[in-house]
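Novice:
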Amino acid sequence: MVIEAKAQTRNWKPIIAELELLLGKNGVVKRKEELLTYECDGLTSYRQRPGLVVLPRTTEEVAAVVKLCDRYEIPWVARGAGTGLSGGALPIEDCLLIVTALMRKILKIDLENRIITVQPGVINNWVTQTVSGAGFYFAPDPSSQVICSIGGNVAENSGGVHCLKYGVTTNHVLGLKLVLPNGSIIDVGGTFNEMPGYDLTGTFVGSEGTLGIATEITLKILKVPEAICVLLADFTSIEAAGASVSDIISAGIIPGGMEIMDNLSINAVEDVVATGCYPRDATAILLVEVDGLQVEVDANKQRIAEICQKNGARSITTASDPEQRLKLWKGRKAAFAAAGHLSPDYYVQDGVIPRTQLSFVLTEIENLSQKYGYRIANVFHAGDGNLHPLILYDNSVSGALEQVEELGGEILKLCVKVGGSLSGEHGIGADKKCYMPDMFTEADLETMQWVRQAFNPKGLANPGKVFPTPRTCGEAANAKLANFPTAELF
Numbered sequence: 001m002v003i004e005a006k007a008q009t010r011n012w013k014p015i016i017a018e019l020e021l022l023l024g025k026n027g028v029v030k031r032k033e034e035l036l037t038y039e040c041d042g043l044t045s046y047r048q049r050p051g052l053v054v055l056p057r058t059t060e061e062v063a064a065v066v067k068l069c070d071r072y073e074i075p076w077v078a079r080g081a082g083t084g085l086s087g088g089a090l091p092i093e094d095c096l097l098i099v100t101a102l103m104r105k106i107l108k109i110d111l112e113n114r115i116i117t118v119q120p121g122v123i124n125n126w127v128t129q130t131v132s133g134a135g136f137y138f139a140p141d142p143s144s145q146v147i148c149s150i151g152g153n154v155a156e157n158s159g160g161v162h163c164l165k166y167g168v169t170t171n172h173v174l175g176l177k178l179v180l181p182n183g184s185i186i187d188v189g190g191t192f193n194e195m196p197g198y199d200l201t202g203t204f205v206g207s208e209g210t211l212g213i214a215t216e217i218t219l220k221i222l223k224v225p226e227a228i229c230v231l232l233a234d235f236t237s238i239e240a241a242g243a244s245v246s247d248i249i250s251a252g253i254i255p256g257g258m259e260i261m262d263n264l265s266i267n268a269v270e271d272v273v274a275t276g277c278y279p280r281d282a283t284a285i286l287l288v289e290v291d292g293l294q295v296e297v298d299a300n301k302q303r304i305a306e307i308c309q310k311n312g313a314r315s316i317t318t319a320s321d322p323e324q325r326l327k328l329w330k331g332r333k334a335a336f337a338a339a340g341h342l343s344p345d346y347y348v349q350d351g352v353i354p355r356t357q358l359s360f361v362l363t364e365i366e367n368l369s370q371k372y373g374y375r376i377a378n379v380f381h382a383g384d385g386n387l388h389p390l391i392l393y394d395n396s397v398s399g400a401l402e403q404v405e406e407l408g409g410e411i412l413k414l415c416v417k418v419g420g421s422l423s424g425e426h427g428i429g430a431d432k433k434c435y436m437p438d439m440f441t442e443a444d445l446e447t448m449q450w451v452r453q454a455f456n457p458k459g460l461a462n463p464g465k466v467f468p469t470p471r472t473c474g475e476a477a478n479a480k481l482a483n484f485p486t487a488e489l490f
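Positions 1 to 490 (full-length UniProt numbering) are the ones given, in order, by the sequence shown.
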């Protein structure tokens, strides 16, 4: 049975005393005003102050905290950098929030075997920075890579620009040290692919904190390619950009990354980061990165340019110099932040569609935009069909959040209808759990629950996430209206 928030407030004082013995006074956050820092993740329309927050630094400290929760039957939620966009790290009322932000050690580097072991609080970009001097890098690169943590990437199975060719986080995780919901510590996976037995590493990656907490993560690192080139093609229609994506893949070319941005997003990033590279009058731009041997890159960039020109590209810019490449990618990496320049608030969704359905789905999204009366900026990993529509709205307008959530839900249902998925990399969390029956049968969902219950029989680990509950969609809007009681602490 999954534990939901209780109506009554827990007496935290004896629990605080135990936690302070385990973690020290600085390892426990208890004052109400300090707890507000942790009331939401990157999906800020969902807010709930936790009952208490702890800041462990080691696997043993995490295990001790989780054992205490198991003994007192306290529901708990794991949180990393708080950049998630599906409400996966959203506290529930009267829960304990276990924050891994202080677990930031690089534990082991083995360049010969191309692996690195880190704690969950290590920032994504730090991994590449640590090994770049030796000519290596970490492939998964979410747009938030300068602030998001590896633990969160593992929980949500994050992707990024380079997931088209190199895969998402699960393809780069070799082994994990886990603290299970009863406080026991286990190791799954190892230091190489294809370990014998059940793939518990693959089961855990993407489980969104419902099966335990990863406290040590062994990652695969890659050798920097001999040559890299980025192409930017601009188009007078987004359909032409989408057709270019399909044609590039059909030609047998697998780029390192392939991204589309529409006119609304183009102008937002130029207003904010001023790359000077993105033509403001373009209806859409297509960014394509090819890498590999120099001869391979030369051949592919020529073929890609020809495909884009055939589909009506007005101009094509190429960059092989590292600084120029970074400049071309700068706007795409800043797209979510730049959306704040367009509107007081925005609501981002994350769905996946077959590439062949790109033109149809974008047309339908525009129709939904007109129907609901909200502008939508489109930014997406075009190569693997991962859409990120950003719905622009003003949260101070009564009823706006409810309408925007409904609009976002229609986009997700559309993705599923054309043969896609509810999420490519942001996870299900609290935001999309009510749409799971649109994609999975009752038997599917029950089977997933068997896995959850095997690891988490008391339902204490991240309760109320991923799977649908009796509460309806629009939980953010409902939560906004509710006045949740919170523990009275000092």
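Every residue gets a Cβ at the ideal spot worked out from N, C-alpha and C, and that includes glycine.
Using the rule of at least 16 other Cβ atoms within 10 Å of the residue's Cβ for burial, across every protein chain shown, is Arg31 buried or exposed?
Specialist: It counts as exposed.
Novice: Which of the three DSSP states is assigned to Ala7 in this structure?
Specialist: Since pLDDT at Ala7 reaches only 40, below the 50 mark, its modelled position is unreliable, and the value read off the structure follows with that caveat. Assigned with DSSP and collapsed to three states, Ala7 falls in coil, not helix or strand.
Novice: Measuring alpha carbon to alpha carbon, tell me which residue in Ala101, Leu287, Gly331 is nearest Ala313.
Specialist: Leu287
Novice: Less than 9 Å separating the beta-carbons of Lys108 and Ile116?
Specialist: In contact: Lys108 and Ile116 (Cβ atoms closer than 9 Å).
Novice: Take Gly424 as the anchor and find which of Gly385, Tyr166, Gly340 has the nearest alpha-carbon.
Specialist: Gly385
Novice: Counting C-beta neighbours from all protein chains within 10 Å, is the total for Asp262 16 or more, i.e. buried, or is it exposed?
Specialist: buried
Novice: Using beta-carbon positions only, say whether Asp298 and Ile228 come within less than 9 Å of one another.
Specialist: no
Novice: I'd like the span of the alpha helix (DSSP H) that includes Thr317, first residue to last.
Specialist: That residue, Thr317, is in no alpha helix (DSSP H); its beta strand (DSSP E) goes 315-319.
Novice: Is Gly383 closer than 9 Å to Glu259 when the C-beta atoms are compared?
Specialist: yes
Novice: DSSP three-state label for Tyr137, please.
Specialist: strand
Novice: Tell me whether Val2 is buried or exposed, calling it buried when 16 or more other Cβ atoms sit within 10 Å of its Cβ.
Specialist: Low confidence applies here, because Val2 scores a pLDDT of 41, under 50, leaving its location unreliable; read the following figure in that light. Note on Val2: 16 or more other CB atoms within 10 angstroms of its CB, so buried under the neighbour-count rule.
Novice: Classify Leu293 as buried or exposed, calling it buried when 16 or more other Cβ atoms lie within 10 Å of its own Cβ.
Specialist: exposed
Novice: Could you tell me which whole beta strand (DSSP E) segments of length 3 or greater appear in the segment 187-241?
Specialist: 213-220, 227-235
Novice: Can you say whether Asn113 is buried or exposed, counting buried as having 16 or more other CB atoms within 10 angstroms of its CB?
Specialist: exposed
Novice: Measuring straight from C-alpha to C-alpha, what distance separates Thr201 and Leu176?
Specialist: 7 Å
Novice: With 16 other CB atoms within 10 Å as the buried threshold, where does Val295 fall?
Specialist: exposed
Novice: For Ile147, which residues in the same chain have their Cβ closer than 7 Å to its Cβ, ignoring the five residues on either side in sequence?
Specialist: So the qualifying residues of the chain are Ala81, Thr83, Ile123.
Novice: Mind checking which residues open and close the beta strand (DSSP E) that includes Trp76?
Specialist: 76-79
Novice: If contact is defined by three or more beta carbon pairs under 8 Å, each pair taking one atom from either stretch, is the segment 432-452 in contact with the segment 53-61?
Specialist: no
Novice: For Leu460 versus Trp76, is the C-beta spacing smaller than 9 Å?
Specialist: Their beta carbons are under 9 Å apart, which means Leu460 touches Trp76 by this criterion.
Novice: Of the choices Ser359, Ala338, Gly351, whose alpha-carbon is the least far from that of Gly408?
Specialist: Gly351
Novice: Once DSSP output is grouped into helix, strand and coil, what is the label at Asp41?
Specialist: coil
Novice: If you reduce the DSSP assignment to three classes, tell me which class Val62 lands in.
Specialist: In the structure shown, Val62 sits in a helix (DSSP, three-state: H, G or I).
Novice: For Leu219, which residues from the same chain have a beta carbon less than 8 Å from its beta carbon, with the 5 sequence-adjacent residues on both sides left out?
Specialist: Taken in chain order, the residues that qualify are Ile115, Ile116, Thr117, Val118, Val127, Phe138, Ile150, His172, Val173, Leu174.
Novice: Measuring CA to CA, which of Ser398, Phe380, Arg375, Thr356 is closest to Gly331?
Specialist: Phe380
Novice: Are there three or more Cβ pairs, one per stretch, closer than 8 Å when the segment 308-327 is compared with the segment 228-245?
Specialist: Yes, since at least three Cβ pairs between the segment 308-327 and the segment 228-245 fall closer than 8 Å, the two stretches touch.
Novice: Which same chain residues end up closer than 7 Å to Leu22 when comparing Cβ atoms and leaving out the 5 residues on each side of it in sequence?
Specialist: Glu61, Ala64, Val65
Novice: So, with DSSP's three-state summary, where would you put Tyr346?
Specialist: strand
Novice: Would you mind working out which of Pro344, Leu231, Leu97 sits nearest Asn300, comparing C-alpha positions?
Specialist: Leu231
Novice: Could you check the C-alpha separation between Asn157 and Tyr347 for me, to the nearest Å?
Specialist: 21 Å
Novice: Sorted by chain position, which residues of the same chain lie with C-beta nearer than 6 Å to Met195's C-beta, five sequence neighbours on each side aside?
Specialist: Gly189
Novice: Could you pull out every unbroken beta strand (DSSP E) segment of at least 3 residues lying fully inside the segment 254-312, listed in chain order?
Specialist: 257-262, 284-292
Novice: Under a three-way DSSP split, which group does Tyr374 fall into?
Specialist: coil
Novice: At what residue ranges does the segment 79-163 contain a whole run of the beta strand (DSSP E), taking only runs of 3 or more?
Specialist: Qualifying beta strand (DSSP E) stretches, in chain order: 96-99, 106-110, 115-118.
Novice: Between the C-alpha atoms of Arg362 and Val179, what's the straight-line distance to the nearest angstrom?
Specialist: Contrary to the premise, residue 362 reads as Leu rather than Arg in this sequence. When rounded, the distance between both Cα atoms is 42 Å.
Novice: DSSP beta-bridge partners for Ile15?
Specialist: Residue pairing by DSSP leaves Ile15 without any beta bridge partner.
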